[in-house]
Amino acid sequence: MKFEVNDKYFRAIAKIGFHYFLKYYPQFTGFEIEFEEIKNFIYNGGKFDKFVEQINGSFIHGLKNGTDRLCHLISVNKTPDFISAYLQFFMGPEFGPSFYYKINLGKNPEKIIYPQNIGHQFVYFEHKDKNGFIGRMDPLKSYTNVIPV
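Per my numbering, residue 53 is the first one in the sequence shown, and the count goes up by one each step.
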């Protein structure tokens, strides 16, 4: 199937990454001046390639053949200079890694800077479990070697 996407699609991708970042990095409010550009893109659109990159492969090193269950992978990498989110959708037994998104959120506004990575795998079950859940969220492990810096 072929389809064309516009900046609204990439704005939605950027919004997912930005909101995930704000959820798991509570030291930031989202009102820092360093995030004005990404927020302006999310609200108003524009040239998406400044903020959203589509990259072949997977941001999880060594993940070549997919996963044992259908899932999404989301993470954020905070370096001394920059903050980026990584999103990979619809990985699974039948779907190996084809591409992921890197979202450039902005410069790191912290005055005391330390690198930090957070990531989760959102796993979907084939059938509801005994409690009626259709999935779970698992933290990514061995995370220091996951994100390319």
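Beta carbons are placed, not taken as given, at the ideal position from N, Cα and C, and that holds for glycine.
With contacts defined as CB atoms closer than 7 Å, Ser136 and Asn156 qualify as a contacting pair. Membership of Phe70 in the alpha helix (DSSP H) is indicated by the continuous run Asp59 to Tyr76.
Under DSSP, Ile126 takes part in a beta bridge, and its partners are Leu139 and His172. With respect to Ile94, Arg63 sits close: the two C-beta atoms are nearer than 7 Å. In this chain, the alpha helix (DSSP H) harbouring Lys91 covers Glu88 to Asn96. No residue range can be given for Tyr166, since it is assigned to no beta strand (DSSP E) and is classified by DSSP as neither H nor E.
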